[in-house]
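Visitor: I have a structure I would like to understand better, so I am pasting it below and will then ask my questions one at a time.
Chains as they are written, first to last, in my numbering: chain A, 13 to 310; chain B, 13 to 310.
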């Protein structure tokens, strides 16, 4: 098959326009944060976006000062404030929206992401791998790694530090995921060089490439109670190369990209003999990789 | 613990000097290739290197034109031509050497890497994931993912396309590996942008970062029977950042770096609450990741 044939075939299969919304939530300002998210969703939709991804904990803010505050800023899903507002926006603008919320279930909190679409609430993801002081407020996720079927293809959600675990991307790809939507609140990693791509972007590119996954990372910006967030939102194609270049380190911004699922699925075939997911040597991989029989890691 | 204390402690724990030898083997010229490798090993050792990594299939060349030629250029391990010569060099220069050979075992060939040291032959690795036309000549590796103990720490070997499989790095890290030595013959990946870091370097950085592994990638250069190789050898530290910047795309070169195993093992601790290998949610990871009960993938 020649490259030109491949391009023609791809053009006949429609692309999806996706958007990563980079914004600056302020801890405690739920109504204002939600308002900004709704304005940016409308802007992205009017620019043609069919899938819009917002940052992690976008309505509550991230750096809580107490358990009381964390519970105060949390909400139920899907009945809560943010999910309901995003449902309305998704219906109004005919888009899918993925956004991060502090989810409250009685005396438990989860760092969650919700997906809503024109037909209403689609599903929830609960962050599996907690970072830093999140251990003071949240329970570890207990919904596993679900993949949601939409008219555009198979979508999954993961959150921030989950992206440090290649197992996460593998398990989503093995379930057929096409696009991973990642609300994040990335913080600086030690050793970052001046002008070097941030490590979180490197991880997204590597995991996209070896799994044939599109990845939409929407990060926040700003400094909250002394914690800097690094922006640099990115949309990566299934071949591992950025479709939308890293966003600003400190400004609110919407990144857009067109994703073609036919090209994405084809990108998993590397040579006549090689299909990256099928080349896995599961005959020698070891139960050390994880077999589902251990206790959760609180 | 303050940063200055940490630096002082690290300085008391000796660093190791390692070298990645980027050279241009010529297919069929075994004696000449070996001669060049011995000259570069001597140069690296006289510059202080204690571990020297050579490219994949460095003595045979890579692009075989027939099974007869592949068998002709292969050799036994450790009794063969290259391993014996490297053993002598390792003894003479007091270094560890890791190099790629086509290993012949009766009517079977393996794309192998051997490790030799001042005390003689240490061990062999057989490439687990075959790339492209390697499927015409080689059997898939059947030695698993061994970790070898040396006076410097725990060393492992993998080869080229093995680096596309995050499972490989995870299983080595879970066995305590400190340094992964990777003879490679990297070829161009589709979609590479002008001036962008090559995808293989991105993969090495990502896998180093999420596993706390040092990775020494020694690639070849040149074009062999129409196949271009991309150079860009790299040595990555356990925090994921390059210790020696990508090598030239087309010139013979030796890259050097100092690796401190105390700093490497400390780099796995990311926050008070986070240690990257121990944060793995093995309670939810699925047997899809690999459980060792399937047939080998020929």
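Quick reminder that beta carbons are idealized off the backbone N, C-alpha and C, glycines included.
List the DSSP bridge partners of residue 167 (chain B).
Guide: Answer by DSSP bridge pairing, in chain order: B:160 and B:191.
Visitor: Taking contact to mean 3 or more Cβ pairs, one atom from each stretch, closer than 8 Å, check whether the segment 65-81 of chain B and the segment 185-197 of chain B are in contact.
Guide: Output reads yes: the segment 185-197 of chain B touches the segment 65-81 of chain B.
Visitor: Alpha carbons only, please: which of A:186, A:79, A:97 and A:88 is nearest the one belonging to residue 314 (chain A)?
Guide: Residue 314 (chain A) falls outside the range modelled here, since chain A spans only 13 to 310, and no answer is possible.
Visitor: Beta-carbon separation of residue 226 (chain B) and residue 244 (chain B) under 8 Å?
Guide: Not a contact, by the Cβ cut-off of 8 Å.
Visitor: Does the Cβ of residue 151 (chain A) lie closer than 7 Å to at least one heavy atom of the ligand COA?
Guide: Among the components of this structure there are no ligands whatsoever, and the ligand COA is therefore not found.
Visitor: Have a look at residue 17 (chain B) and residue 277 (chain A) and give me their C-alpha separation to the nearest angstrom.
Guide: With a pLDDT of 44 at residue 17 (chain B), under the threshold of 50, the predicted position of this residue should be treated as unreliable, though the coordinate-derived value follows. Answer to the nearest angstrom: the Cα atoms are 50 Å apart.
Visitor: Could you check the C-alpha separation between residue 143 (chain A) and residue 283 (chain B) for me, to the nearest Å?
Guide: Rounded to the nearest angstrom, the two C-alpha atoms are 8 Å apart.
Visitor: Show which residues of chain B have a CB atom less than 7 Å away from the CB atom of residue 251 (chain A).
Guide: In chain order: 202 and 203.
Visitor: Which residue spans inside the segment 23-84 of chain A form an unbroken alpha helix (DSSP H) run of at least 4?
Guide: Fully enclosed alpha helix (DSSP H) runs of 4 or longer: 42-58.
Visitor: Can you tell me which residues form a DSSP beta bridge with residue 234 (chain B)?
Guide: For residue 234 (chain B), which the question treats as bridged, DSSP gives the partners B:241.
Visitor: Quick check on residue 81 (chain A) - is its C-beta less than 8 Å from some C-beta in chain B?
Guide: So, not an interface residue.
Visitor: Relative to the C-alpha of residue 39 (chain A), which candidate in A:113, A:268, A:172 and A:168 has its C-alpha closest?
Guide: Residue 39 (chain A) has its Cα closest to that of A:113, out of A:113, A:268, A:172 and A:168.
Visitor: Quick check: what's the CA-CA separation for residue 119 (chain B) versus residue 73 (chain B)?
Guide: Their backbone Cα atoms lie some 19 Å apart in a straight line.
Visitor: So, helix, strand or coil for residue 296 (chain B), using DSSP?
Guide: Correct three-state label for residue 296 (chain B): coil.
Visitor: Residues of chain B with CB closer than 7 Å to the CB of residue 159 (chain A), please, in chain order.
Guide: Per Cβ cutoff of 7 Å: no residues; residue 159 (chain A) is ~12 Å from chain B at best.
Visitor: What does residue 289 (chain A) touch in chain B if you count any residue whose Cβ is under 8 Å from its own?
Guide: Going along chain B, no residue has its Cβ under 8 Å from residue 289 (chain A), so there is no contact; the nearest lies around 10 Å.
Visitor: Please identify the residue among B:280, B:44, B:36 and B:136 whose C-alpha is closest to the C-alpha of residue 155 (chain B).
Guide: The candidate whose alpha carbon is nearest that of residue 155 (chain B) is B:136.
Visitor: Measure the CB-CB distance between residue 279 (chain A) and residue 262 (chain A) and report whether it falls below 8 Å.
Guide: Not in contact: residue 279 (chain A) and residue 262 (chain A) (Cβ atoms no closer than 8 Å).
Visitor: With a threshold of 8 Å between beta-carbons, can residue 300 (chain B) be considered close to chain A, or not?
Guide: So, interface residue.
Visitor: So, is residue 167 (chain B) buried or exposed, given that buried needs 16 or more other C-beta atoms within 10 angstroms?
Guide: Buried: at least 16 other Cβ atoms inside 10 Å.
Visitor: Taking C-alpha atoms, which residue in B:33, B:91 and B:214 lies nearest to residue 260 (chain B)?
Guide: When each option's Cα is compared against that of residue 260 (chain B), the closest is B:33.
Visitor: I need the straight-line Cα distance from residue 291 (chain B) to residue 185 (chain B), nearest angstrom please.
Guide: So the alpha carbons of these two residues sit roughly 13 Å apart.
Visitor: In chain order, what residues of the same chain have a beta carbon less than 7 Å from the beta carbon of residue 15 (chain B), not counting five sequence neighbours either side?
Guide: Residue placement at residue 15 (chain B) is poorly supported in this model, since its pLDDT is 41, which falls under 50; the coordinates still yield a value, given next. So the list is empty, once near-sequence residues are dropped.
Visitor: Quick one: using the 10 Å Cβ neighbour count with 16 as the cut-off for buried, is residue 161 (chain B) buried or exposed?
Guide: Classification of residue 161 (chain B): exposed, given that the 10 Å Cβ count is below 16.
Visitor: Within the same chain, show all residues whose beta-carbon is closer than 6 Å to that of residue 57 (chain A), passing over the 5 residues directly before and after it, in chain order.
Guide: Around residue 57 (chain A): 105 and 107.
Visitor: Quick one: is residue 266 (chain B) near chain A, going by C-beta distance under 8 Å?
Guide: Taking Cβ atoms only, chain A never reaches closer than 8 Å to residue 266 (chain B), which makes this a no.
Visitor: Could you spell out where the alpha helix (DSSP H) holding residue 140 (chain A) opens and where it closes?
Guide: Where residue 140 (chain A) is concerned, there is no enclosing alpha helix (DSSP H), given that its DSSP letter is neither H nor E.
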